[in-house]
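Input: a single structure, listed below in structure tokens.
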Amino acid sequence: MEIVLLQDLAADARQWLAARHRVDYEPALVDDLAALRARLYTADALIAPPRLKINGRLLDFAPRLAAVGRIHDDDDNIDLQACQQRGVLVIQAGEATVRASAEYLLSSLLWLYRHGAAPGREIHGSVVALLGLTPPAQMLAPMLAALGARVVGHDPAMPRDAELWQRLNVQPMELAEMLQIADAVSVQLAYAAPCRALVDERVLAACKPGQLWSSITRSLAFDLQALAAALRGGRIGALALDSDDQQLLDAGNPLHGLPNLRLTPRLAPLTHESLRRGSWLLVERIHEALVKRQIGAT
1200 MEIVLLQDLA ADARQWLAAR HRVDYEPALV DDLAALRARL YTADALIAPP
1250 RLKINGRLLD FAPRLAAVGR IHDDDDNIDL QACQQRGVLV IQAGEATVRA
1300 SAEYLLSSLL WLYRHGAAPG REIHGSVVAL LGLTPPAQML APMLAALGAR
1350 VVGHDPAMPR DAELWQRLNV QPMELAEMLQ IADAVSVQLA YAAPCRALVD
1400 ERVLAACKPG QLWSSITRSL AFDLQALAAA LRGGRIGALA LDSDDQQLLD
1450 AGNPLHGLPN LRLTPRLAPL THESLRRGSW LLVERIHEAL VKRQIGAT
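Heads up: the sequence shown at position 182 corresponds to 1381 in the numbering used here, and the numbers run straight through without jumps.
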């Protein structure tokens, strides 16, 4: 069966899959929609990067498609309902990138503590806030505690009496209360409609002056005008933002050119180890889906 790769996999996982199916690596198709539609007409599975929008219009050109795979979770660019209606299985390997994202957040925070304030600071004895108790935050919390930080947190989808807070030794707080005492904030929200522009002028007004922020959350969770004002005015001392949202690259973007902004193109989930874990998860589950399709067709 035919599998189209728009994003490469770990070599050993790709070889394993190619021994069982026809595998074509064609990354240029991501930027050539017409050619991609033509190629998908005979494809049984597709592995694509997060920036490719997988919607009903694209799926209409893929009548044989049984599965779509992504190494990174990104429901915002996948129409899950359209996939379900067409019987296309969506396979995402987000759990394979949790440690990579947690370690990236930790390294960003350590960088900010040294370079986001003058003179540099030590994380030991400081208060670090977790905005969003997603899996990377759950792995980050004990790392911060081991360095001697006090860890507090807020998640709009997590009740304050949830057992998970206690298990992680993270003190749950209301958002404004947390921002008033934190020396640094790590943002790893699960992006959803209620989180759109959650971090707005009102929220940022509660920040402790000079606060350091690190985020791997979609930029849509921020009011960018308010965020830029907080960076210019010193309410936020420095921000490390890991995102591949194209709007951040526009010259007219409010954050453009700010000296206390460190912008990286979604590097958090990318490590050698996470690629290998995610690749194997994808190829095994895609192979399983295609075998089931073959059995059902006989």
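For every residue, glycine included, the Cβ atom is placed at its ideal position computed from N, Cα and C.
Setting aside the 5 residues that flank it on each side, residue 1219 is surrounded in the same chain by 1486, each with a C-beta closer than 8 Å to its C-beta; the list follows chain order. No residue range can be given for residue 1418, since it is assigned to no alpha helix (DSSP H) and is classified by DSSP as neither H nor E. Counting along the chain, the unbroken alpha helix (DSSP H) around residue 1401 starts and ends at 1400 to 1404. In this chain, the alpha helix (DSSP H) harbouring residue 1432 covers 1423 to 1432. Rounded to whole angstroms, residue 1422 and residue 1399 show a C-alpha spacing of 5 Å.
Looking at 1211, 1371, 1265, the one whose alpha-carbon comes closest to that of residue 1496 is 1265. Per the Cβ contact rule, the stretch 1459 to 1475 is in contact with the stretch 1437 to 1445 (3 or more Cβ pairs under 8 Å). The distance from the Cβ of residue 1418 to that of residue 1386 is about 11 Å, inconsistent with a contact at the 8 Å cut-off. Sixteen is the threshold: since fewer than 16 other Cβ atoms of the shown chains lie within 10 Å of the Cβ of residue 1279, the residue is exposed. Annotated three-state conformation of residue 1337 is helix, per DSSP. With 16 or more other CB atoms across the displayed protein chains lying within 10 angstroms of its CB, residue 1315 is buried.
For residue 1242, the closest C-alpha among the options 1449, 1226, 1221, 1293 is that of 1221.
Taking every protein chain shown into account, the CB of residue 1252 has fewer than 16 other CB atoms within 10 angstroms, so this residue is exposed. Among the bridge pairs identified by DSSP, residue 1371 is matched with 1352. Under DSSP, no beta-bridge partner is assigned to residue 1307. Distance from the CA of residue 1282 to the CA of residue 1206, rounded to the nearest whole angstrom, comes to 20 Å. Here the alpha carbons of residue 1359 and residue 1383 stand approximately 21 Å from one another.
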